[in-house]
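**Student:**
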Amino acid sequence: MKKLIVILSSLVLSVLSVGALSSCGSGQESTSDSSDKIINVYGCEPQNKLVPGNTTETCGGNILGVLFDELVSYSSDGKAENDVAESITPSDGNKVYEIKIKSGLVFDNGEAVTSESFIKAWNYTAVAENAQGAQSFFAPIKGYKEVAEEGAKTKELSGLVKVSDLEFKIELNEASVTFPLRLGYSAFAPLPVSEFDAEGKLNEGFGDHPIGNGPYKFSQWNHDMDVKIVKSDTYKGNRIPKNGGIDFKVYTGGTEAAYADIQSGALDVLEAVPMTQTKTFQNDPQIQAVVSPSAVYQGLEIPDNLAHFGWDEEGQLRRAAISRAIDRQAIIDKVSDGLADHPVSFSPNSSKISGATDQIKGNEVLQFDAAKAKELWTKADAISKFENPKLDVYYNADGGGKPLLEAVANSIKANLDIESSAKSTPDFKTLLNKEASHTMDGAFRMGWQPDYPSVENYLAPLYSKEAAKNGSNYSGFSNDEFEELMVKGGASDNIDDANKVFVEAEEVLFKYLPCFPLYDPKDKGAAALGVKGMAFDWHGTPDYINIIKD
Amino acid sequence: MARYIGIRVLQTIPVVLGTTFLIYGLVFLMPGDPIRAMFGNHPPSDAAIAVIRHEFRLDEPFIIQYLHFLYGALTFDFGKTFQGREVSDVIATSLPITAQLSFLAIFFEILIGIGLGILTGVKKGKIFDNTVLMSTLVIISIPTFVLGFVCQFLFGVKLKVVPTTVGVYVDIQHMLMPALILAGVSVSYVIRLTRSQIRDNLNADYVRTARAKGLDNKSVILKHVLRNSLVPVVTYIGADLGTLMGGAVVTEAVFNINGIGHQLYSAIAKGEGTLVTSLVTVLVIIYIVANLLVDILYAFLDPRIRYNKN
Amino acid sequence: MANSLLEVDNLHINFISDKRVINAVQGVSFSVEAGQRVAIVGESGSGKSTTAHSLINLLPGTGRVTKGSIKLEGKQLVGANEKVFVKIRGKKIGLVPQDPMSNLNPVYKIGKQVGEVLDANEVDVDHDIVQKEVNGQLKILHSDDELFLGRGARKNIENEVLQKFLQDAGYNWDKIISQVDPKIVDKLALRRDLVNILERFGVSKSDAANIHNRIKELHVRLVVGSSIRLDVIKTLQKFSLSQEEAEDLAKKYVKGTQKIDRIAGLLSESGLAHSGQRAKQYPHEFSGGMRQRALIAMALAARPRLLIADEPTSALDVTVQKRILDKINRLTSILGVAVLFITHDLGLAAEYSDKIIVMHKGRIVESGASLEVLHNPRHPYTKNLMQAAPSLNASRLVSHSASQIDKSIQKSINVFEFRNLSKEFKLPGKKRTFKAVDNVTFNVPRGKTTAIVGESGSGKSTLANMALGLLAPTSGEIIFESTDMKTILSSKKLSKGFRQKVQPVFQNPYGSLDPLYSLGRAIAEPLQIHKIGDSKSQTKRVKELLELVQLPTNIMNRYPNELSGGQRQRIAIARAIALNSELILLDEAVSALDVLVQEQILHLLNNLQKELGLTYLFITHDLAVVNIVADDVVVMESGRLVEKGQTADIFNNPKEEYTRNLLDAIPGRNLI
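Protein chains in written order, with our numbering: chain A, 588 to 1137; chain B, 42 to 351; chain C, 96 to 767.
(1) Just to make sure I have the definition right: I need the residues of chain B whose C-beta is within less than 9 Å of the C-beta of Met812 (chain A). Which are they?
(2) Within a Cβ cutoff of 7 Å, which residues of the same chain sit near Phe537 (chain C), ignoring the five residues on either side of it in sequence?
(3) Specify whether the stretch 124–135 of chain C and the stretch 444–451 of chain C touch according to this definition: at least 3 beta carbon pairs, one from each stretch, less than 8 Å apart.
(4) With the cut-off set at 8 Å, would you say Glu716 (chain A) and Ala739 (chain A) are in Cβ contact?
(5) Are there 16 or more other CB atoms within 10 angstroms of the CB of Ser745 (chain A), so buried, or fewer, so exposed?
(6) Are Leu101 (chain C) and Leu401 (chain C) touching if we call contact CB-CB under 8 Å?
(7) Can you pull the DSSP bridge partners for Ser803 (chain A)?
(8) How many angstroms separate the CA atom of Pro201 (chain C) from the CA atom of Ile666 (chain C)?
(9) Quick check: is the beta carbon of Arg184 (chain C) nearer than 8 Å to any beta carbon in chain B?
(10) Please return the same chain residues whose Cβ sits closer than 7 Å to the Cβ of Ile279 (chain C), not counting the five positions on each side in sequence.
(11) Sorted by chain position, which residues of the same chain lie with C-beta nearer than 8 Å to Asn351 (chain B)'s C-beta, five sequence neighbours on each side aside?
(12) Excluding five sequence neighbours on each side, which residues of the same chain lie with their C-beta closer than 7 Å to the C-beta of Asp104 (chain C)?
(13) Tell me the rounded alpha-carbon separation between Ser676 (chain C) and Leu516 (chain C).
(14) Straight-line CA distance for His107 (chain C) to Ser141 (chain C)?
(15) Check the Cβ-Cβ distances between Gly73 (chain B) and every residue of chain A, and say whether any is below 8 Å.
(16) Here's the rule I'm using: 16 or more other beta-carbon atoms within 10 Å means buried, otherwise exposed. How should His53 (chain C) be labelled?
(17) Could you tell me which of B:Lys259, B:Val321 and B:Met175 sits nearest to Ile287 (chain B), measuring between CA atoms?
(18) Can you list, in chain order, the residues of its chain with a C-beta nearer than 7 Å to that of Ala359 (chain C)? Leave out the 5 residues immediately preceding and following it.
(19) Where does Cys192 (chain B) fall in DSSP's three states?
(20) Which residues in chain C have a C-beta closer than 7 Å to the C-beta of Lys254 (chain B)? List them in chain order.
(21) For Asp170 (chain B), which of helix, strand or coil comes out of DSSP?
(22) Using C-beta distances below 6 Å, list every residue in its chain close to Ser363 (chain C), excluding the 5 sequence neighbours before and after it, in chain order.
(23) Determine the contact status of His455 (chain C) and Gly660 (chain C), defining contact as a CB-CB distance below 8 Å.
(24) By the criterion of Cβ-Cβ separation under 9 Å, what are the contact partners of Leu643 (chain C) in chain B?
(25) Determine the direct distance from the alpha carbon of Gly122 (chain C) to that of Glu639 (chain C), and round the result to whole angstroms.
(26) Within the 8 Å Cβ cut-off, does Ser260 (chain B) reach chain C?
(27) Would you call the stretch 942–953 of chain A and the stretch 1023–1030 of chain A touching, i.e. three or more CB-CB distances under 8 Å?
(28) How is Trp709 (chain A) classed by DSSP in three states: helix, strand or coil?
(29) Report the option in C:Arg324, C:Leu678, C:Gln741 and C:Ile205 whose CA atom is closest to the CA atom of Ile252 (chain C).
(30) If you measure between the beta carbons of Pro930 (chain A) and Asp1107 (chain A), is that distance less than 8 Å?
(31) Express the C-alpha separation of Leu904 (chain A) and Asp914 (chain A) in angstroms, rounding to a whole number.
(32) Out of curiosity, what's the CA-to-CA distance linking Leu316 (chain B) and Ser773 (chain A)?
(33) Between the alpha carbons of Asp1004 (chain A) and Arg1032 (chain A), how many angstroms are there, rounded?
(34) How far does the alpha helix (DSSP H) with Glu446 (chain C) in it extend, from its first residue to its last?
(35) Using a C-beta to C-beta distance shorter than 8 Å, which residues of chain A count as neighbours of Arg236 (chain B)?
(36) Determine the closest residue to Leu390 (chain C) out of C:Ile618, C:Val120, C:Asp194 and C:Ala546, with distance taken between C-alpha atoms.
Following this line, the structure appears as structure tokens:
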């Protein structure tokens, strides 16, 4: 018997010692200079390989955002500044843009950043055959249809024309005064020309260790474990890092474990406080709480396939009634612990977003008024009686939306006296499936994270006809007036004029309410004690370059 | 014995085939389009999506997909994940981690479980016995994730005696707490099982005979009681290995361990057929091997069980 | 008088069961002299086992000695430290426990378990502990004469003897030896082909065969690990060596042995054949008798002064029982070990002991020399035991009940006729089949008791199962009341009728009653199955049956766990006769009962037979019981029918040797 125990124990211990050997080193830096320190930040495993044109989620997006530098970059208050671009000159009524690139900029491998770098990268992303996730960002550019369709023969956007090594021209399908604002998104990053083959295909291994031109350069990627990037010594752009590098630690089980690590100091920066801690984190002495307004839009969308909720007068009345019946402030206080603002428009009312304003006609429908709600509902019933009135609200169970939507359902039920309950789908993709196939039998939560800081980005992709075909318009909303206004806005001479037109577009939305805002959440994050400079950028991403620790 | 093992190994094949078919089918039947879900609210053109769908063979009928997967599996090519990583690579990195966690947990099962089981079984003192029994009851009743979070906070954050998570530091020091949590319920069970076995065997006839032969109490316990008591305990622990490896999802999430449990969970959420099936196949094989080892171990421990023809 | 080996005085032992105090032993006093054989006889619950176990402080559970004294070799044991007991267990007092299976650790080899005794008691493996009378006292010598024969020693001795035999027969040993392959030279005497080898070197066939046989005989007599030098000398002299030659040889080679050989030797001493190989086996590979021998070897390994034999043969067949008890007797007298023999069988006690102590309900009711107690029992309880012990009684029970049979109904003479009945089983994995019943022919006449007698493995249970229609015969016929069983079983109606007419009563009174059924329901079940009467008449019938088996009728609503073994058997009998059956098949129905209870049940069965005209097919291994209950006897061995006939004939004039052996094995038979 003793022999058996000895054998078993030694078997077990030998397996364990393999583990001990394979993880030598604890990763703690011993340099004294804070500018060389590596910051440990919360990360998640990127959904795809690290290719800018194929990344549409934040796990990969956050990393690529600091590995690459685009034509413009955004300051902390959401203003777009030329970065790689020396100048961006509009012409032909904001339909054509002449780009001039700064000279002397290089990639991590020493290669120069040229107009080819942009043109080749953008073409690659736009071509359907390459199946790049961010393809739709290039939809405004002329020639997109030819490359994005089934059986496309061309592999180049006709709207991209090289003028010289440092100059190229972009021709759009339609005039868009906001186009330059978009160019800071990582989908528009340049890529080294040497990484493309003769047919314009990107080297397959690129995504495993990308070569960028940004403030940091790629160092190592241990799948599902971490992504290490270090300060680039060849970077000459706007965003010079104050630290020595970033270690994105992958947390497989979510932010709970990450929060514990912030408390114990094993993690420096966490960009999303878990739900279990939102009530208490601001009073937690073991962390530094970071709260600021966010750019995320949260709304409730009611698809038009629901009976009595069409776009006619009855539907408008009912939608307005629902909106009125929801006591948003109470929900903000109870569910969000006060860490959100009452919405006033279809974008968060933040100064960082160009065109955001609270002066929109019709936005009083967002104010809670139970009496008014009932009044509107009764008016609707007069047009066409809704027997057994009910409106269920849906969320995906793996997304943490349960308390919010239960509160919404209860609010509707209590204040409007109709049936309403919160229902869930097991996961996100099931929910998405139902939304996209227009088979939802209730309202659902709709969230939107912007790609560029303009109100336009909260409107077109969600409510346009194009978005209904190919994008995120799941409500079925299709309105000519809205379409015209969006085109008119894009064709304005300048941003301010455009923004004025967008206000009118929002007024149309307030009339029909395909989706209406629920609340403007705040960005909630945490930093370990001793960490300085943790803040959210316009986008809700931690401002990595400015974080330092002793 | 060799023949017996051979037959058992052969029996694995239909089990694996059946399981892979079933799992693949289930993933296939899951509602929702995994490809469309990849892009959230920023989908590329339909043509681009079609290309991706084609690359993962999701535009083909189920049976073709399954056969292709099977064919690949025979050549150890399990395909790629949606991210573009080799599935075998995913398994190769996460399996050893789960294995280490499980082995460490088993180690505690043996050490604490059998140790305390012997002590409570042999000693008749009430206080010690009751304390241990109550503790086991408490641990069994508390859900693993509650226990995990509480211990993580208490020992990791407040008292700072252990690291709060594992993450990239896959070593004994970091895995200590998670392994204890994972082993919690099993340890409790082993304590109780050992204890009752020892209590029973202390009253066995052959134990009395051993005493009658002139053996002192210590020899009686170590040589006779222990050996017979541990047979069911050891076989339980052996079988537990398979269970632990497959069921550590919660513990892995709490302590940020990149093991198979988590991989499986996220693969299911994303609807990744090949990854789910490959992972489940690995787990099935582990289960079968663990059970086979337990059966062999049992025959080794109890001479009345032999698998020869005689 | 010198101190007795063991003196027990006014011993009181208590148990605590369900919060009640049970006085198991109340004031027991007796003594055992050195080398004496004492039997304690009593039924279950008499306190005999408890007394015995208290001597080595191995009382189970809550047992405690509350009063009295136990003196071993003059030293007081009551109240002694456990350490004291550890020292005397094995070394001074050995225990042969009752159930051979549960008393052996199933996971260790037999040899290892025997070896434990040697280790725990620090037994000198080289010398035996032999007591010799020196100046009127038994002394343990520690001389070289007690050295054990080793394996190598035996080989050498045999070779030398071979040399002597050849030389005595006139052959030139050196010449022969020089031609033999040097590799086999020193194992020559052991070789199976010795005759061939010798012939090749000029030894005549008859001489070679003769020598080989004598060597083989010598080989058997020289037991490694058991024969001591003294024995070797004596043995060698029997093989025509002179005393001087024998002593020389013995002194030269017999120098002690290794533990592994001593273990084999111990097992040989208790009668285990091929002990060297057997020592490497596990308990489950042994038969019951073999296990008991192993336990005996363990008990005597450290040469204790007193051996407690706790019902050592109650789980064994009667012929095995005889052999085991004979062996114990012989061993203990050679070694000078006193024996305390615990048993419920008065006959056994009388045959194998010098002194009998009869215990009843914790007290000694009678004690004295065996034959004296046997022939002149004084206490009424002893008298009851005597009367009830079947082995001590000579004749068939006679019932004085009135017969209630309706003689007008015509029935067949024989209830069963078995003709050339055989049953073969196919063994898993093996090609040949196993013949459990082999060509058996006999009849079961109506109104009488036919006993089938045999040891375990004789096939009697298989036969019983076929008679009950639970097993199909491989060949042969079973005729039930003039109809072939095959016909009966193929018809639903006939089978049901059959079931009504033939009912079993099984051996285990604790297993045959469903613990969740009330007793009334258990008895009524056959009535319900055969749909006889309504619930009211069924209840009435149950009451009738209970009266027939002499149980109070209010027992109907109680449950089996409230009854004793004998009472449960009565219930089983009541259930069996509920349907007015023709034949009751009693499969070892009284084997598990105490002798007094057994007597009552046998009387009951006898009376019922007379009253109801029942036919009994009585299956048992106990010949003594057969003598008093059966009219006809069928003796089976290994599936074959050995002998059959009327009881008196079989018992007084057994024709077959097997039958004679069985009869010889009945303990106490020869004493009356």
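Even glycine gets a Cβ: it sits at the ideal position worked out from N, Cα and C.
This structure is a prediction, so every number in the text was calculated from the model and none was measured.
**Tutor:** Reading it off the structure:
(1) One-based indexing of the first sequence puts residue 812 (chain A) at position 225. Residues of chain B passing the Cβ test: Thr134, Gly208, Val209, Val211 and Asn299.
(2) On the third sequence, residue 537 (chain C) is found 442 positions in, with the first residue counted as 1. Excluding sequence neighbours, Phe537 (chain C) sits near Phe513, Val729, Leu736 and Lys739.
(3) The stretch 124–135 of chain C and the stretch 444–451 of chain C touch, with no fewer than 3 CB-CB distances between them shorter than 8 Å.
(4) On the first sequence, position 129 is the one that residue 716 (chain A) refers to. On the first sequence, position 152 is the one that residue 739 (chain A) refers to. A contact, by the Cβ cut-off of 8 Å.
(5) Position 158 of the first sequence holds residue 745 (chain A). By the neighbour-count rule (16 or more Cβ atoms within 10 Å), Ser745 (chain A) is not buried but exposed.
(6) Indexing the third sequence from 1 puts residue 101 (chain C) at position 6. Indexing the third sequence from 1 puts residue 401 (chain C) at position 306. Cβ distance < 8 Å, so Leu101 (chain C) and Leu401 (chain C) count as in contact.
(7) Locating residue 803 (chain A) in the first sequence gives position 216, where the first residue counts as 1. Contrary to the premise, residue 803 (chain A) reads as Tyr rather than Ser in this sequence. Paired residues: A:Lys818.
(8) Here the question's residue 201 (chain C) lines up with position 106 in the third sequence. Here the question's residue 666 (chain C) lines up with position 571 in the third sequence. Taking the straight line joining both Cα atoms gives about 36 Å.
(9) As a first step, residue 184 (chain C) is located in the third sequence; it is residue number 89 there, counting from the start. Chain B, which has a Cβ nearer than 8 Å to the Cβ of Arg184 (chain C), makes this yes.
(10) Position 184 of the third sequence, counted from the start, is the residue given in the question as residue 279 (chain C). Taken in chain order, the residues that qualify are Arg286.
(11) In the second sequence, residue 351 (chain B) corresponds to position 310, counting from 1. The predicted position of Asn351 (chain B) is uncertain, since its pLDDT is 40 and thus under 50; a value taken from the coordinates is nonetheless stated next. Here the set comprises nothing.
(12) Within the third sequence, residue 104 (chain C) is the residue found at index 9, counting from 1. When the five nearest sequence neighbours on each side are left out, the beta carbons in the same chain lying within less than 7 Å of the beta carbon of Asp104 (chain C) are those of Ser124, Gly163 and Ser164, in order along the chain.
(13) Here residue 676 (chain C) corresponds to residue number 581 of the third sequence, with the count starting at 1. Here residue 516 (chain C) corresponds to residue number 421 of the third sequence, with the count starting at 1. Going from the Cα of Ser676 (chain C) to the Cα of Leu516 (chain C) covers about 24 Å.
(14) The sequence position of residue 107 (chain C) within the third sequence is 12, counting from 1. The sequence position of residue 141 (chain C) within the third sequence is 46, counting from 1. Each residue's Cα considered, the two are about 13 Å apart.
(15) Counting from one through the second sequence, the residue named residue 73 (chain B) turns up at place 32. The beta-carbon of Gly73 (chain B) is placed less than 8 Å from the nearest beta-carbon of chain A.
(16) Any question about residue 53 (chain C) goes unanswered here, given that chain C covers just 96 to 767.
(17) Within the second sequence, numbered from 1, the residue matching residue 287 (chain B) stands at position 246. Residue 287 (chain B) is actually Gly in this sequence, not Ile. With distances taken between Cα atoms, Gly287 (chain B) lies closest to B:Val321.
(18) The residue you call residue 359 (chain C) lines up with position 264 of the third sequence. Closer than 7 Å at Cβ, skipping near neighbours: Val319, Gly320, Ser370, Gly371 and Ala374.
(19) Position 151 of the second sequence, counted from the first residue, corresponds to residue 192 (chain B). The three-state reading of DSSP puts Cys192 (chain B) in helix, counting H, G and I together.
(20) Within the second sequence, residue 254 (chain B) is the residue found at index 213, counting from 1. Neighbours of Lys254 (chain B) in chain C, taken as residues at a C-beta separation under 7 Å, are given in chain order as Arg184, Gly185, Glu211, Val212, Ala215 and Met393.
(21) As a first step, residue 170 (chain B) is located in the second sequence; it is residue number 129 there, counting from the start. Of the three classes helix, strand and coil, the one that applies to Asp170 (chain B) here is helix, per DSSP.
(22) Here the question's residue 363 (chain C) lines up with position 268 in the third sequence. Hits under 6 Å: Val318, Ser321 and Ser370.
(23) Here residue 455 (chain C) is taken as the residue at index 360 of the third sequence, counted from 1. Here residue 660 (chain C) is taken as the residue at index 565 of the third sequence, counted from 1. It is not a contact, given that the beta carbons lie outside the stated cut-off.
(24) One-based indexing of the third sequence puts residue 643 (chain C) at position 548. By Cβ distance, chain B contributes nothing, its closest Cβ being about 39 Å from Leu643 (chain C), past 9 Å.
(25) Counting from 1 along the third sequence, the entry for residue 639 (chain C) is found at position 544. Counting from 1 along the third sequence, the entry for residue 122 (chain C) is found at position 27. When rounded, the distance between both Cα atoms is 44 Å.
(26) Numbered from 1 along the second sequence, position 219 holds the residue referred to as residue 260 (chain B). Yes - at least one Cβ of chain C is within 8 Å of the one on Ser260 (chain B).
(27) The stretch 942–953 of chain A vs the stretch 1023–1030 of chain A: no contact.
(28) The sequence position of residue 709 (chain A) within the first sequence is 122, counting from 1. Three-state result, Trp709 (chain A): helix.
(29) Within the third sequence, residue 252 (chain C) is the residue found at index 157, counting from 1. Per the Cα distances, C:Arg324.
(30) As a working mapping, residue 930 (chain A) is identified with position 343 in the first sequence. As a working mapping, residue 1107 (chain A) is identified with position 520 in the first sequence. Yes.
(31) Within the first sequence, numbered from 1, the residue matching residue 914 (chain A) stands at position 327. Within the first sequence, numbered from 1, the residue matching residue 904 (chain A) stands at position 317. If you take the alpha carbons of Asp914 (chain A) and Leu904 (chain A), they lie about 18 Å apart.
(32) Here residue 316 (chain B) refers to the residue found at position 275 of the second sequence. Here residue 773 (chain A) refers to the residue found at position 186 of the first sequence. In a straight line, the C-alpha of Leu316 (chain B) is about 29 Å away from that of Ser773 (chain A).
(33) Numbered from its first residue, the first sequence carries residue 1004 (chain A) at position 417. Numbered from its first residue, the first sequence carries residue 1032 (chain A) at position 445. Approximately 21 Å, taken between the alpha carbons.
(34) Sequence index remark: in the third sequence, residue 446 (chain C) carries index 351 (1-based). Per DSSP, Glu446 (chain C) belongs to the alpha helix (DSSP H) from Leu441 to Tyr447.
(35) Here residue 236 (chain B) refers to the residue found at position 195 when the second sequence is read from its first residue. Within 8 Å Cβ-Cβ: nothing; Arg236 (chain B) doesn't reach chain A, min ~17 Å.
(36) Locating residue 390 (chain C) in the third sequence gives position 295, where the first residue counts as 1. Leu390 (chain C) has its Cα closest to that of C:Asp194, out of C:Ile618, C:Val120, C:Asp194 and C:Ala546.
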